[in-house]
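Take a look at the structure set out below.
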Amino acid sequence: MYRIGDFSKMSKTTIKALRYYDEVDLLKPEYVDDFTGYRFYSTDQLVKLHYIQALRQISLSIDEIKLIMAGNNPRDILEKRKRELTAEISRGTEQLSRIEFILSKQGEKNIMNYQATIKELPECIVYSKTMKVPNYDAYFELIPAIGKTVSERYPDLKCVVPEYCFIVYLDNEYKEKDIHVEFCEAVDKMMEDFEDIIFKRIEAVTAVSVMHKGSYAGLSEAYAYVFKWIDENGYLVVNSPRENYIDGIWNKENEEDWLTELQVPIVKINERV
Numbered sequence: 001m002y003r004i005g006d007f008s009k010m011s012k013t014t015i016k017a018l019r020y021y022d023e024v025d026l027l028k029p030e031y032v033d034d035f036t037g038y039r040f041y042s043t044d045q046l047v048k049l050h051y052i053q054a055l056r057q058i059s060l061s062i063d064e065i066k067l068i069m070a071g072n073n074p075r076d077i078l079e080k081r082k083r084e085l086t087a088e089i090s091r092g093t094e095q096l097s098r099i100e101f102i103l104s105k106q107g108e109k110n111i112m113n114y115q116a117t118i119k120e121l122p123e124c125i126v127y128s129k130t131m132k133v134p135n136y137d138a139y140f141e142l143i144p145a146i147g148k149t150v151s152e153r154y155p156d157l158k159c160v161v162p163e164y165c166f167i168v169y170l171d172n173e174y175k176e177k178d179i180h181v182e183f184c185e186a187v188d189k190m191m192e193d194f195e196d197i198i199f200k201r202i203e204a205v206t207a208v209s210v211m212h213k214g215s216y217a218g219l220s221e222a223y224a225y226v227f228k229w230i231d232e233n234g235y236l237v238v239n240s241p242r243e244n245y246i247d248g249i250w251n252k253e254n255e256e257d258w259l260t261e262l263q264v265p266i267v268k269i270n271e272r273v
């Protein structure tokens, strides 16, 4: 039998840890002197403690270790921990990929202008209109007109807060004229369709987001950046990009203050079914 100090040295475990294992009923001393309160441990307990240490080193909780030490089959607990570690490795690999991308772009002009983040776009109800616009400047007249038409038909309909309006590009290529788009505005409730205005529910989606500040003429650089980021970080585009207009001509006098968010729905390549 060994006093706790000697057992601590033999097992390379702190006295504090041994006392804690005693308190939580994970490893109780073989014998406690009633008069002195000294804890004594046996050599057989070295094997048990070694197993506990092995399980602690793979970050199992005390409760999980107690279940295993009580004779329960450890397979389910270890499989759960394996899944957690696999997810941690995946997150770490993804973060390393993003770091490498940023480092590789050091010195390039757009590294200071653009950064990519992954976000979850929540489910929303929108009214939408699909149309072909002659050019990008046409938005300044067409989009306010759509809002006016809807508000006249449904005066009690409210936009969500914060407002979320965006354009989805339906062409499979970049175009500067005769552009096929869908304009969407998120609202608080579903209504009946009318004329060419459609109400629908858009499902939640994971997207890569890039912020562009300035004239819409510069959006091509933002698109080039985001698609290169997607390609080099192991993602696939799964739906049409969205342009979310946060600040624009309606609230900012100078176009250099306009703020547009590119949102491109994606999926990790190894997660695609």
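The opening residue of the sequence shown carries number 1 in UniProt numbering; numbering runs sequentially from there. Just so you know, even glycine gets a beta-carbon here, dropped at the ideal spot from N, CA and C.
*In the structure shown, what three-state DSSP assignment does Leu219 receive?*
Taking the first residue of the sequence shown as position 1, residue 219 is located at position 219. DSSP places Leu219 in helix when its eight states are reduced to three.
_Rounded straight-line distance, which links the Cα of Ser61 to that of Val24_ = Taking the sequence shown and counting its residues from 1, the one referred to as residue 24 is at position 24. Taking the sequence shown and counting its residues from 1, the one referred to as residue 61 is at position 61. Going by C-alpha positions, Val24 is about 12 Å away from Ser61.
_Just to confirm my understanding: we take Lys119, look at its own chain, exclude 5 residues before and 5 after, and list those with CB closer than 7 Å. What are they?_
As a working mapping, residue 119 is identified with position 119 in the sequence shown. Setting aside the 5 residues that flank it on each side, Lys119 is surrounded in the same chain by Ala207, Ser209, each with a C-beta closer than 7 Å to its C-beta; the list follows chain order.
*Cα separation between Phe35 and Asp76?*
Residue numbering aside, residue 35 sits at position 35 when the sequence shown is read from its first letter. Residue numbering aside, residue 76 sits at position 76 when the sequence shown is read from its first letter. Cα to Cα, the separation comes out at about 43 Å.
_Close-in-space but distant-in-sequence residues of the same chain around Ser215 (CB under 6 Å, 5 per side omitted)_ = Here the question's residue 215 lines up with position 215 in the sequence shown. Setting aside the 5 residues that flank it on each side, Ser215 is surrounded in the same chain by Glu255, each with a C-beta closer than 6 Å to its C-beta; the list follows chain order.
*Is Pro265 helix, strand or coil by DSSP?*
As a position in the sequence shown, residue 265 is number 265, starting the count at 1. Pro265: strand per DSSP, three-state reduction.
*With distances taken Cα to Cα, identify the nearest neighbour of residue 297 among Val181, Asp156, Ile125, Val205.*
With the chain covering only 1 through 273, there is no way to say anything about residue 297.
*Taking the CB atoms as reference points, tell me whether Ile146 and Arg201 lie closer together than 8 Å.*
By one-based count along the sequence shown, residue 146 stands at place 146. By one-based count along the sequence shown, residue 201 stands at place 201. With respect to Arg201, Ile146 sits apart: the two C-beta atoms are not nearer than 8 Å.
*Answer yes or no: do Ile198 and Tyr127 have a C-beta to C-beta separation smaller than 8 Å?*
Looking up residue 198 in the sequence shown gives position 198. Looking up residue 127 in the sequence shown gives position 127. Closer than 8 Å, so yes.
*Counting Cβ pairs closer than 8 Å, one from the stretch 215-233 and one from the stretch 78-87, do we hit at least three?*
By the C-beta criterion, the stretch 215-233 is judged not to be in contact with the stretch 78-87, since fewer than 3 inter-stretch pairs fall below 8 Å.
*Selection from Arg242, Phe166, Phe227, Cys184 that minimises the alpha carbon distance to Leu236*: For the purposes of this step, residue 236 is identified with residue 236 of the sequence shown, where counting begins at 1. Out of Arg242, Phe166, Phe227, Cys184, Phe227 has the C-alpha closest to the C-alpha of Leu236.
*asked:* Is the separation between the beta-carbon of Cys165 and that of Glu195 shorter than 8 Å?
replied: The count along the sequence shown starts at 1 and reaches residue 165 at position 165. The count along the sequence shown starts at 1 and reaches residue 195 at position 195. No; because the gap between Cβ atoms is not below 8 Å, this pair is not in contact.
*In the DSSP assignment, find the unbroken beta strand (DSSP E) run with Asp63 in it and report its ends.*
Here the question's residue 63 lines up with position 63 in the sequence shown. That residue, Asp63, is in no beta strand (DSSP E); its alpha helix (DSSP H) goes 62-69.
*asked:* I need the DSSP call for Ile99, collapsed to helix, strand or coil.
replied: On the sequence shown, position 99 is the one that residue 99 refers to. The answer is helix: DSSP assigns Ile99 an H, G or I state.
*Along the alpha helix (DSSP H) that carries Glu23, what are the first and last residues, could you check?*
On the sequence shown, position 23 is the one that residue 23 refers to. Per DSSP, Glu23 is one residue of the alpha helix (DSSP H) stretching across 15-23.
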